[in-house]
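K.L.:
2 protein chains.
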Amino acid sequence: MFTIEELQEKITHAIGELPVYHEPDGLYQPISYTLGLGGKRLRPLLALISTQLFGGKPEKALPAAIAIEIFHNFTLLHDDIIDQAPLRRGRETVYKKWDINTAILSGDTMFAIAYGELAKSDPEKLPALMKVFTKTAIEVCEGQQYDIDFEKSDDVNIESYINMIRLKTAVLLAASLKIGAIIAGVPEHYAEYIYSFGENIGIAFQLQDDLLDAFGNEALFGKKTGGDIVSNKKTFLYLKALECAGKNETEKLRSLYSNKSQDDHQKIAAVLDIFRQAGIEAYTNTAILEYYNKSMEFLSKLDIDEIALSPLLKLANGMLNRNH
Amino acid sequence: MFTIEELQEKITHAIGELPVYHEPDGLYQPISYTLGLGGKRLRPLLALISTQLFGGKPEKALPAAIAIEIFHNFTLLHDDIIDQAPLRRGRETVYKKWDINTAILSGDTMFAIAYGELAKSDPEKLPALMKVFTKTAIEVCEGQQYDIDFEKSDDVNIESYINMIRLKTAVLLAASLKIGAIIAGVPEHYAEYIYSFGENIGIAFQLQDDLLDAFGNEALFGKKTGGDIVSNKKTFLYLKALECAGKNETEKLRSLYSNKSQDDHQKIAAVLDIFRQAGIEAYTNTAILEYYNKSMEFLSKLDIDEIALSPLLKLANGMLNRNH
């Protein structure tokens, strides 16, 4: 059995071997720049771990795993245009370093390259792989569109928010695991269990991220906190506060989220104060635990011993900053 | 054997049945709008005609044909952002009617939907179909990038221009035919012959379009002429004129293409004058005929009788506005 570090090594090597150093330079330089930015390579890792978990050879899942990573990076390229994000992993985003047109076209090429890598998988598995990969790609776009829509909408509730993060974040994690399972050749219902595990852990992961964005320790979190509050993002925390806080507090919260000319620090402090009074941290931790427990229920259906499960559990707990 | 009209009917019906009326509206409305704009549906038609030509059932090629049409429309969505084009088929482009972000994200979704349709093809053929489809998608992006690069470059020659239009336009026509051939189950070298036929006829088609943009009859051409001249596009006509015209004329031509503050009508007239003096219309017609003849050579290698070839020839000659 390969360790997480050994699997990561395989992923890094495979990404380094990708045919992304062609002409024209204007198209391929932003692609190799993007893939060279690194990142945790979480999704391909989930795919390889899943294959290994079900007794398959991780090497067989490598093309599909790389396809997922390229797809993920392609969505970041286009999302950064949409979100006007200047930085990604501490470096300039492609649309900033080059321009919007470059980010569009290099992104499109990456999407095609992703399918090209996927197609290197076992031909017998290809139809099933195409199905989950394409369904997921469409869902990720739907999630991004809901995220855009929610910015302008006053009609967002917790249910629609959870559905948005499910589409935007969780389904790709789930699909990575399912793709690994398909390549290992497991029965359909096993592939569905590991998918549902990933979907629930993915939602927990995003809620944890929302929580850390508000209450995290900046040094441990690795980025500045309060970003979601400054950009008026209607996260679980905000929506829960609208449900739970008193009339005065909810009015104040709405006003803080609609007033554009205010000091960022004061705004963050005022919003966090309302969140604290309404006990939002505890509510969010409860929700995270619920999704985490649900994910573990699906995992237990697999009847796989703990030793074999350990790399997956280690990764999942790492995602949630859990030490147990 | 189905007529062109019958095959077109199948394509129109299949496009009408596509699953593009989902939520969120913000994502899917631009997609159904785009697919509803119509157009000649030339590429899917080539795929169906090719399948039929090689004795296959056109219905079997329908998912792949629709995939090609969706892919083509996706590229238009993103190209219209890049080219800042306000109109497409007489209607507002998506990025104008909605916004850039919508055009990016709806386009991305269309690309995924295209692969989803392709994956409905015979599973045994899927690896080969994926290969040509993905290679072509990447090449189309490369062609678009060269087109962007050439705008700012003084180092474009006829060879690099032909390579650009080959990538941007011809390879997708060629791939449509090859995909039809693969689905009919022809030997590999036959699929290559029909591909090369398409590649050459595609280059002839684009050169014809360049010629009509300069010298066409506006009523017959269906759009205003002189657009390439106004936008300083370094077409075959321009590059050939730089090769053939006298020193004074080439200097004047370069100056006309770099001076930004000039009357469009006067500029068009002056450029056409240089083109006429240098005999560019005849040179271009010769080049078109050369590519046309090359395409016919590849077609003759197929050893297929003229009756079976007639729909393809009719379509190819129609593309080139030829009556013979």
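Protein chains in written order, with our numbering: chain A, 944 to 1267; chain B, 944 to 1267. We put the beta carbon where it would ideally sit given N, CA and C, even for glycine.
1) Using the beta-carbon of each residue, which ones in chain B are nearer than 8 Å to I1091/A?
2) With DSSP as the reference, identify every bridge partner of E1035/A, one or two as the case may be.
3) Would you report the Cα separation of S1064/A and A1213/B, rounded to the nearest angstrom?
4) Quick test of your reading: S993/A and L1116/A, contact by CB under 8 Å. State the CB separation rounded to the nearest angstrom.
5) Pull up the distance between the alpha-carbon of Q1151/B and that of F1014/B, whole angstroms please.
6) Please tell me whether L1263/A and C1084/B are closer than 8 Å, where the distance is taken between their beta carbons.
7) Can you find a CB in chain A that lies within less than 8 Å of the CB of I1009/B?
8) With distances taken Cα to Cα, identify the nearest neighbour of F945/A among L1255/A, N1143/A and M1053/A.
9) Within its chain, find whatever has a CB closer than 8 Å to the CB of A1188/A; leave out the 5 residues flanking it on each side and keep chain order.
10) Could you name the residues of chain A that G1059/B contacts, counting a contact when the two beta carbons are closer than 9 Å?
11) Just to confirm the assignment, what range does the alpha helix (DSSP H) spanning Y971/B have?
12) Relative to the alpha-carbon of I1043/A, which residue among L1020/A, D1092/A and Y1058/A has its alpha-carbon at the smallest distance?
13) Hey, out of I1101/B, D968/B, K983/B and S1238/B, whose CA is closest to I947/B's CA?
14) Here's the rule: buried if 16 or more other CB atoms are within 10 angstroms of the residue's CB, otherwise exposed. What is R1031/B?
15) Taking C-beta pairs closer than 9 Å, name the residues in chain A that C1084/B reaches, listed in chain order.
16) Give me the chain A residues within the contact set of P1070/B, using Cβ-Cβ distance strictly less than 7 Å, ordered along the chain.
17) Given a cut-off of 8 Å on the beta-carbon distance, is the pair I1223/B and K1190/B in contact?
18) How about F1017/A and A1057/A: do their beta carbons lie closer than 8 Å?
19) Please report how far the alpha carbon of L950/A lies from the alpha carbon of F1140/A, in whole angstroms.
20) So with CB distances below 9 Å, who are the chain B contacts of I1024/A?
21) On the CB-based measure, 16 or more other CB atoms within 10 Å of its CB, does E1225/B come out buried or exposed?
22) Can you find the residues in the same chain that come closer than 7 Å, C-beta to C-beta, to Q995/A, ignoring five residues on each side of it along the sequence?
23) How close, in whole Å, do the beta carbons of D1051/B and T1036/B come, if the pair is a contact with beta carbons under 8 Å?
24) Terminal residues of the continuous alpha helix (DSSP H) containing A1157/A?
25) Measuring straight from C-alpha to C-alpha, what distance separates L1232/A and M1239/A?
26) Less than 8 Å between CB atoms is the rule here; does H1021/A satisfy it with respect to chain B?
27) Measuring only between beta-carbons, confirm whether Q1220/B sits less than 8 Å from chain A.
28) Which residues mark the beginning and the end of the alpha helix (DSSP H) in which D1022/B is found?
29) Give the C-beta separation of I1091/A and I1146/A to the nearest angstrom, bearing in mind that I take them to be a contact with Cβ-Cβ under 8 Å.
30) Can you say whether N1266/A is buried or exposed, counting buried as having 16 or more other CB atoms within 10 angstroms of its CB?
31) Could you check which residue in P1006/B, D1248/B and S1103/B has the C-alpha nearest to that of M1073/B?
32) Would you please state the rounded distance, in angstroms, between the beta carbons of Q1227/B and L1180/B? I believe it to be under 8 Å.
P.N.:
Once the coordinates are examined:
1) The residue you call residue 1091/A lines up with position 148 of the first sequence. Residues of chain B passing the Cβ test: G969, N1044 and L1048.
2) If you number the first sequence from 1, residue 1035/A lands on position 92. For E1035/A, which the question treats as bridged, DSSP gives the partners L1030/A.
3) For the purposes of this step, residue 1064/A is identified with residue 121 of the first sequence, where counting begins at 1. For the purposes of this step, residue 1213/B is identified with residue 270 of the second sequence, where counting begins at 1. Using only the alpha carbons, I get a separation of about 57 Å.
4) For the purposes of this step, residue 993/A is taken as the residue at position 50 of the first sequence. For the purposes of this step, residue 1116/A is taken as the residue at position 173 of the first sequence. S993/A to L1116/A, Cβ: 11 Å. No contact.
5) Working through the second sequence from its first residue, we reach residue 1151/B at position 208. Working through the second sequence from its first residue, we reach residue 1014/B at position 71. Roughly 24 Å separates the two Cα atoms.
6) Within the first sequence, the letter at position 320 stands for residue 1263/A. Within the second sequence, the letter at position 141 stands for residue 1084/B. The answer is no: Cβ separation not under 8 Å.
7) What you label residue 1009/B is simply residue 66 of the second sequence in a count that begins at 1. Chain A contact via Cβ: absent.
8) Here residue 945/A refers to the residue found at position 2 of the first sequence. If we check each option's Cα against that of F945/A, L1255/A comes out closest.
9) Position 245 of the first sequence, counted from the start, is the residue given in the question as residue 1188/A. Counting only Cβ-Cβ distances below 8 Å, and skipping sequence neighbours, we find L1196, I1217, Q1220 and A1221.
10) Here residue 1059/B corresponds to residue number 116 of the second sequence, with the count starting at 1. Neighbours of G1059/B on chain A, chain order: M1073, K1074, T1077, K1078, A1080 and I1081.
11) The sequence position of residue 971/B within the second sequence is 28, counting from 1. It spans D968 to G979 - the alpha helix (DSSP H) in which Y971/B sits, taken as one unbroken run.
12) Locating residue 1043/A in the first sequence gives position 100, counting from the first residue. Per the Cα distances, L1020/A.
13) Position 4 of the second sequence holds residue 947/B. Residue K983/B is the option with its Cα nearest to I947/B.
14) Position 88 of the second sequence, counting from 1, holds the residue named residue 1031/B. Looking at its Cβ environment, which holds 16 or more other Cβ atoms inside 10 Å, R1031/B is buried.
15) By one-based count along the second sequence, residue 1084/B stands at place 141. Near C1084/B (Cβ distances below 9 Å), the residues of chain A are L970, L1048, S1049, D1051, T1052 and A1055.
16) Along the second sequence, one-based indexing puts residue 1070/B at 127. Those are A1062, P1066 and L1069, listed as they occur along chain A.
17) Numbered from 1 along the second sequence, position 280 holds the residue referred to as residue 1223/B. Numbered from 1 along the second sequence, position 247 holds the residue referred to as residue 1190/B. It is not a contact, given that the beta carbons lie outside the stated cut-off.
18) Translated into positions along the first sequence, residue 1017/A becomes position 74. Translated into positions along the first sequence, residue 1057/A becomes position 114. Their beta carbons are under 8 Å apart, which means F1017/A touches A1057/A by this criterion.
19) For the purposes of this step, residue 950/A is taken as the residue at position 7 of the first sequence. For the purposes of this step, residue 1140/A is taken as the residue at position 197 of the first sequence. For L950/A and F1140/A, the distance between alpha carbons rounds to 21 Å.
20) As a working mapping, residue 1024/A is identified with position 81 in the first sequence. I1043, N1044 and I1047, listed in chain order.
21) Locating residue 1225/B in the second sequence gives position 282, where the first residue counts as 1. Here the sequence assigns Ala to residue 1225/B, which means Glu is not the residue at that position. Its Cβ having fewer than 16 others within 10 Å, A1225/B is exposed.
22) The residue labelled residue 995/A in the question sits at position 52 within the first sequence. Hits under 7 Å: M944, F945 and P1001.
23) Your numbering for residue 1051/B matches position 108 in the second sequence. Your numbering for residue 1036/B matches position 93 in the second sequence. Rounded, the Cβ-Cβ distance is 16 Å, inconsistent with contact.
24) Translated into the one-based positions of the first sequence, residue 1157/A becomes position 214. Per DSSP, A1157/A belongs to the alpha helix (DSSP H) from E1131 to F1158.
25) Position 289 of the first sequence, counting from 1, holds the residue named residue 1232/A. Position 296 of the first sequence, counting from 1, holds the residue named residue 1239/A. Approximately 10 Å between the Cα atoms of the pair.
26) Here residue 1021/A corresponds to residue number 78 of the first sequence, with the count starting at 1. Yes, its Cβ sits closer than 8 Å to a Cβ of chain B.
27) Numbered from its first residue, the second sequence carries residue 1220/B at position 277. Judged by the 8 Å Cβ criterion, Q1220/B is not in contact with chain A.
28) Taking the second sequence and counting its residues from 1, the one referred to as residue 1022/B is at position 79. Taken as a continuous stretch (DSSP letters only), the alpha helix (DSSP H) holding D1022/B covers P1001 to I1025.
29) Translated into positions along the first sequence, residue 1091/A becomes position 148. Translated into positions along the first sequence, residue 1146/A becomes position 203. With a Cβ gap of about 20 Å, I1091/A and I1146/A do not count as contacting.
30) If you number the first sequence from 1, residue 1266/A lands on position 323. Because the pLDDT at N1266/A is just 42, under 50, the model does not fix this residue reliably, and the value given afterwards should be weighed accordingly. Exposed: under 16 other Cβ atoms inside 10 Å.
31) As a working mapping, residue 1073/B is identified with position 130 in the second sequence. Answer by Cα proximity: P1006/B.
32) Numbered from 1 along the second sequence, position 284 holds the residue referred to as residue 1227/B. Numbered from 1 along the second sequence, position 237 holds the residue referred to as residue 1180/B. Going by the sequence as given, residue 1227/B is Thr instead of Gln. T1227/B to L1180/B, Cβ: 6 Å. Contact.
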